[in-house]
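Here the structure is laid out as structure tokens; the discussion comes afterwards.
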Amino acid sequence: MRLSEATEALRRIGLSEYEAVVFLNLARAGVATAGEIARASGVNRVQTYRALESLEGRGFVEVTLERPKRYAARAADEVFDMVAEEKRAELDALEAVRKGVRAAWPAAAGRSQDQPSVRLQVIKGSAQIYKTMRRFVGGAKKEVLAFTTTKGVQRAYRAGINEVVVEATSRGVEAKLIADINEANRALMTRVARHVALRHADKARGRLIIVDRESILAFLIQDEQTIRGDRETALWTNSPDFVQAHVELFDQTWKRAVPAAARLAGLKPN
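Going by the working numbering, the letters in the sequence shown line up with residues 2 to 271, in that order.
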């Protein structure tokens with residue numbers, strides 16, 4: 002592993018850049034004074050001393066009693082074990098805080114534990130949207146209805162949404178999908194049609210999912226140009242009026258839409 006890669010690995014477990022550089026140079030030196038480490042690492046003496054004090058405080062380096070002090074790095078496995086223990090302690094503390102907040106929340110909020118019937122959440126970025134989508138679809142009990150696009154299907158496949166849908170249908174959940182099926186996406190839509198009821202609607206551009214006719218995840222901003230879709234923004238809500246309006250739109254479109262088998266049969270293979 003190159004020095005830059007090792008430095009980045011240490012930064013990922015919580016060391017600062019100076020701490021990572023100083024630790025690695027100390028590990029290479031074996032035993033050294035702060036001045037020697039400063040010269041070897043290219044970090045100024047003040048930052049080197051601060052880094053060594055921090056590393057010593059966390060138990061990552063050992064110090065001799067002689068003057069000047071000499072430092073030695075702990076073995077990498079020992080350091081990672083200590084970091085893991087720190088993280089476990091942090092998680093335990095966080096869990097304790099969560100329990101306390103959960104118990105105090107109704108009183109602190111001045112409300113009963115019955116939550117408002119209408120909720121709304123704006124979700125930004127493809128990663129967060131598809132994380133929410135997996136939970137949303139995975140919790141379906143009866144039905145999943147969706148409008149989508151070619152890019153939407155591709156991203157759903159990459160995010161594992163298809164697997165969640167297949168699992169849901171195996172539990173008896175009915176899944177219906179409307180999309181614009183054309184020559185360019187023929188192969189992709191053929192795959193989709195194997196798992197869900199799929200129909201074609203000309204120039205379908207919207208992307209939304211309705212679960213159990215009770216809640217909806219709708220894309221407010223679609224990013225069809227980039228691969229990752231980082232600019233995308235979606236809205237989740239269980240507003241009865243909003244959901245019902247889109248259920249009616251879906252049902253009307255579904256009645257007019259062409260079944261996938263008929264549409265695909267009429268397309269020329271690429």
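Every residue, glycine too, gets a C-beta built ideally from N, C-alpha and C. As the structure is a computational prediction, the values presented were derived from the model and not from experiment.
In chain order, what residues of the same chain have a beta carbon less than 6 Å from the beta carbon of Q122, not counting five sequence neighbours either side? The count along the sequence shown starts at 1 and reaches residue 122 at position 121. If we look at Q122 and ignore the five residues flanking it on each side, its Cβ neighbours are W237.
Based on the DSSP output, what are the partners of F148 in its beta bridges? On the sequence shown, residue 148 is found 147 positions in, with the first residue counted as 1. Beta-bridge pairing links F148 to I179, L209.
Run of the alpha helix (DSSP H) containing E37, from where it starts to where it stops: In the sequence shown, residue 37 corresponds to position 36, counting from 1. Segment 35-42, the alpha helix (DSSP H) holding E37.
Segments of 3+ residues assigned as beta strand (DSSP E) that fall wholly inside the stretch 229-263: Listed in chain order, they are 234-238.
Of the choices G58, D82, L27, A157, whose alpha-carbon is the least far from that of R71? Reading the sequence shown from its first residue, position 70 is the one you call residue 71. Comparing alpha carbon positions, the residue from G58, D82, L27, A157 closest to R71 is L27.
Which first and last residues belong to the beta strand (DSSP E) in which Q122 is found? Within the sequence shown, residue 122 is the residue found at index 121, counting from 1. Going by DSSP, Q122 is part of the beta strand (DSSP E) stretching over 121-125.
Take the Cβ of S118 as the centre, count every other Cβ of all protein chains shown within 10 Å, and call the residue buried at 16 or more, exposed below. Residue mapping note: residue 118 aligns to position 117 of the sequence shown, counting from 1. Classification of S118: exposed, given that the 10 Å Cβ count is below 16.
Whole angstroms is fine: what's the gap from Q245's alpha carbon to L218's? Position 244 of the sequence shown, counted from the first residue, corresponds to residue 245. Position 217 of the sequence shown, counted from the first residue, corresponds to residue 218. So the alpha carbons of these two residues sit roughly 13 Å apart.
Within 7 Å, strictly: CB atoms of E57 and V47: Locating residue 57 in the sequence shown gives position 56, where the first residue counts as 1. Locating residue 47 in the sequence shown gives position 46, where the first residue counts as 1. No.
CA-to-CA distance, M83 to L199, given in whole angstroms: As a first step, residue 199 must be located in the sequence shown, where it is residue number 198. As a first step, residue 83 must be located in the sequence shown, where it is residue number 82. Here the alpha carbons of M83 and L199 stand approximately 52 Å from one another.
Buried or exposed, going by whether 16 or more other CB atoms sit within 10 Å of the CB of G101? Mapped onto the sequence shown, residue 101 falls at position 100. By the 10 Å Cβ count, G101 comes out exposed.
Just the C-alpha distance for K125 and E91, rounded to the nearest angstrom, thanks. Taking the sequence shown and counting its residues from 1, the one referred to as residue 125 is at position 124. Taking the sequence shown and counting its residues from 1, the one referred to as residue 91 is at position 90. Distance between the alpha carbons of K125 and E91: 28 Å.
Mind the definition here: the stretch 253-264 touches the stretch 179-199 only if three or more C-beta pairs lie below 8 Å; say whether that holds. A contact exists between the stretch 253-264 and the stretch 179-199.
Please classify V32 as buried or exposed, where buried requires at least 16 other C-beta atoms within 10 Å of its C-beta. Numbered from 1 along the sequence shown, position 31 holds the residue referred to as residue 32. Its Cβ having fewer than 16 others within 10 Å, V32 is exposed.
DSSP three-state assignment for L92, whether helix, strand or coil: Here residue 92 is taken as the residue at index 91 of the sequence shown, counted from 1. Correct three-state label for L92: helix.
Within 10 angstroms of its Cβ, does G36 collect 16 or more other Cβ (buried), or is it exposed? The count along the sequence shown starts at 1 and reaches residue 36 at position 35. Under this definition G36 is an exposed residue.
DSSP beta-bridge partners of F137: Sequence index remark: in the sequence shown, residue 137 carries index 136 (1-based). In DSSP, F137 forms no bridge with anything.
When DSSP labels each residue in this structure, what does V102 get in the three-state scheme? Within the sequence shown, the letter at position 101 stands for residue 102. Residue state, collapsed to three classes: helix.
According to the Cβ coordinates, are T149 and A169 closer than 7 Å? Translated into the one-based positions of the sequence shown, residue 149 becomes position 148. Translated into the one-based positions of the sequence shown, residue 169 becomes position 168. Not closer than 7 Å, so no.
According to the neighbour-count rule (16 or more other Cβ atoms, all chains shown, within 10 Å of its Cβ), is F81 buried or exposed? Position 80 of the sequence shown, counted from the first residue, corresponds to residue 81. Exposed, because fewer than 16 other Cβ atoms sit within 10 Å of the Cβ of F81.
Counting along the chain, where does the beta strand (DSSP E) carrying L11 start and finish? Within the sequence shown, the letter at position 10 stands for residue 11. Taken as a continuous stretch (DSSP letters only), L11 belongs to no beta strand (DSSP E), being part of the alpha helix (DSSP H) at 4-13.
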